[in-house]
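In the numbering used here, the protein residues as written are 9 to 323.
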């Protein structure tokens, strides 16, 4: 838009003597003034340039004028939420803005104990989050927990799930009050563990040992489920002692279980089986085997009721 600017200075003609041709105002001078006035008028907005209510609500045009009434109507548009917010008085305290459906209006929720704000961050103290108590809780669908602690009432042991912006962190705080058992844990990516990880040895596909931990026995001994993946080490004792493989009906080792037996006790050692079958690898013969001093035997469960034995010093 442009304002009118006078083209000619007519007051200068007032001091000229009558009869002076310069005292005359020519038609071209008037045309110049009228043209300047027309240009100024044309550049101004008029009533046709005011935004309609539809244009105000569409919020797309940048060539029309929005009057105070149109602005007020626009604020009341969409259930009046903007207008309601504009009409809110300063509460003089921190509030959380919400919507009260029963009153069809905005509402300012008060921040009570355990609920505070810092800048643009809303802080919720752990004490105000209800405990999921009682029977085991089941979550279905997609659930998001950030900074979540699972624990039993009255104890200090807990399991924390936190996120540092890059990695999901799982922390187990076990002081001995409780055993923390993870039944199923599906993980895609790198899993870093510290401390000792134990498993029930109920499947041969479980994470096992890098080596074969020793179970030192100086007397006759019958295998138990936790011997899977270990070495029964005979460091002392005399002849006539026996390492026994229990029946599958008694101790159900997973198929694929491997147990090593090392005899360093100074005498021969019998390796027997109860009601199942123990087969000597390479011969097909079955039954109790003798392991000489300094001998090593490997026991492998190949079927629910059948084991193979192989190694050095076996007869």
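For every residue, glycine included, the Cβ atom is placed at its ideal position computed from N, Cα and C.
Residue state for residue 172 is assigned as coil, using DSSP reduced to three classes.
For residue 231 against residue 250, the beta-carbon gap comes to about 11 Å, at or over 8 Å, which does not count as contact.
Restricted to the segment 42 to 108, the beta strand (DSSP E) segments that are unbroken, complete and at least 3 residues in length are 103 to 108, listed in chain order. Uninterrupted beta strand (DSSP E) stretches at least 3 residues long and entirely within the segment 228 to 315 occur at 239 to 242, 249 to 253, 266 to 271, 277 to 281, 285 to 288 and 297 to 311, given in chain order. Taken through DSSP and simplified to helix, strand or coil, residue 318 comes out as strand. In this structure, residue 286 keeps its C-beta atom at 9 Å or more from the C-beta atom of residue 261. With respect to residue 49, residue 12 sits close: the two C-beta atoms are nearer than 9 Å. At the C-beta level, residue 279 and residue 305 come within 9 Å of one another. A direct Cα-Cα distance of roughly 5 Å separates residue 322 from residue 299. With 16 or more other Cβ atoms inside 10 Å of its own Cβ, residue 319 counts as buried. Judged by DSSP secondary structure, residue 113 falls within the beta strand (DSSP E) whose first and last residues are 113 to 118. Comparing C-alpha distances from residue 294 to each of 131, 303, 275 and 314 shows the shortest one belongs to 314. Secondary-structure assignment with DSSP links residue 178 through a beta bridge to 169. In the three-state reduction of the DSSP assignment, residue 23 falls in the helix class. Between the alpha carbons of residue 311 and residue 168 lies a gap of roughly 41 Å. Put simply, the segment 55 to 75 does not touch the segment 31 to 45. Fewer than three CB pairs are less than 8 Å apart.
A distance below 9 Å separates the beta carbons of residue 270 and residue 242. Counted as a single uninterrupted DSSP element, the beta strand (DSSP E) harbouring residue 224 occupies residues 222 to 224. Within a 10 Å sphere around the beta-carbon of residue 240 sit 16 or more other beta-carbons, which makes this residue buried. Spanning the alpha carbons of residue 301 and residue 219 requires a straight line of approximately 22 Å.
Bounds of the beta strand (DSSP E) holding residue 126 are 123 to 126.
Out of 118, 104 and 116, the CA that lies nearest to the CA of residue 129 is found in 104.
Residue 129 is bridged by DSSP to 126. Between residue 224 and residue 245, the beta carbon gap of about 11 Å keeps them out of contact (Cβ cut-off 8 Å).
Residue 238 counts as buried, since no fewer than 16 other beta carbons sit within 10 angstroms of its beta carbon.
By the 16-neighbour rule on beta-carbons within 10 angstroms, residue 111 is exposed. Secondary structure of residue 219 (DSSP, three-state): coil. When only Cα atoms are considered, residue 297 and residue 221 end up about 23 Å apart. Residue 101 places its beta carbon 9 Å or farther from that of residue 123. For residue 281, the closest C-alpha among the options 291, 106, 259 and 264 is that of 259.
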